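Residue numbers (the working numbering): 189 to 426.
Here the structure comes first, spelled out in structure tokens, and everything after it is commentary.
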């Protein structure tokens, strides 16, 4: 995601960028950060959809943060806007531009975390992490990175976008925790696929984001495809 910080104080920008790095790393999220020391500079490059989250100081020279927010909302009503300032003077105005949060400097860690939660950028997966053992080492695996899990020659493999991991245990023992997560579908015996990774379906195959194709159970083809289509439909507007 793309995040912007607009603040005329360098130290405040530095503190916020460090907090963002800590939060994103802890939650295994990736982002691009752009910093601006005035609203004019930001508005010159801003277009609808260019930023997912905007941290905006209010008390700045020339164009203040609230006036800048009004201009932003004329172009983009979906980006998350968080004010960060020294006074509660404009608190009520923040609602008029649909701000997610209004942080008062000095910002506490608790207030920052709450603001990020209000942005709802962290997926609410039923099973966000999967604990497995590979070659004697314990792995705390982010389930959002899983393409599919299969079993080959009695060895269970977890396939991700970056690597394949051979893990200890039976197929059912490894995959049972994921059966409560709506993202995962048993497309054929011995293959559990992450439906977020499916980009297309043709004949008896699912096409994944990395170009791989995995088979669909021929006898249960209709119900498997229907499950995938229902999942896609239900998540279209999330």
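Yeah, the Cβ is synthetic: ideal placement off N, Cα and C, and Gly gets one too.
It should be emphasised that the depicted structure is a prediction, and the values quoted were computed from it without experimental measurement.
task: Give the DSSP-derived three-state secondary structure of residue 315 in the structure shown.
output: Three-state result, residue 315: coil.
- request: Using beta-carbon positions only, say whether residue 373 and residue 383 come within less than 7 angstroms of one another.
  value: yes
field: Whole-angstrom distance between residue 366 and residue 357, CA atom to CA atom
entry: 15 angstroms
Residue 223 - containing beta strand (DSSP E), residue span: 220 to 224
- prompt: Which of the three DSSP states, helix, strand or coil, is assigned to residue 296?
  reply: coil
message: Rounded to the nearest angstrom, what separates residue 200 and residue 338 at their Cα positions?
response: 48 angstroms
message: In this structure, how does DSSP classify residue 358 when only helix, strand and coil are distinguished?
response: coil
- request: Give the straight-line distance between the Cα atoms of residue 395 and residue 410, rounded to the nearest whole angstrom.
  value: 17 angstroms
query: By Cβ distance below 7 angstroms, which residues in the same chain neighbour residue 355 in space, the five residues on each side in sequence not counted?
result: 320, 321, 322, 344, 346, 362
message: I'd like the list of long-range same chain contacts for residue 299, defined as Cβ closer than 7 angstroms, with 5 residues on each side in sequence excluded.
response: 291
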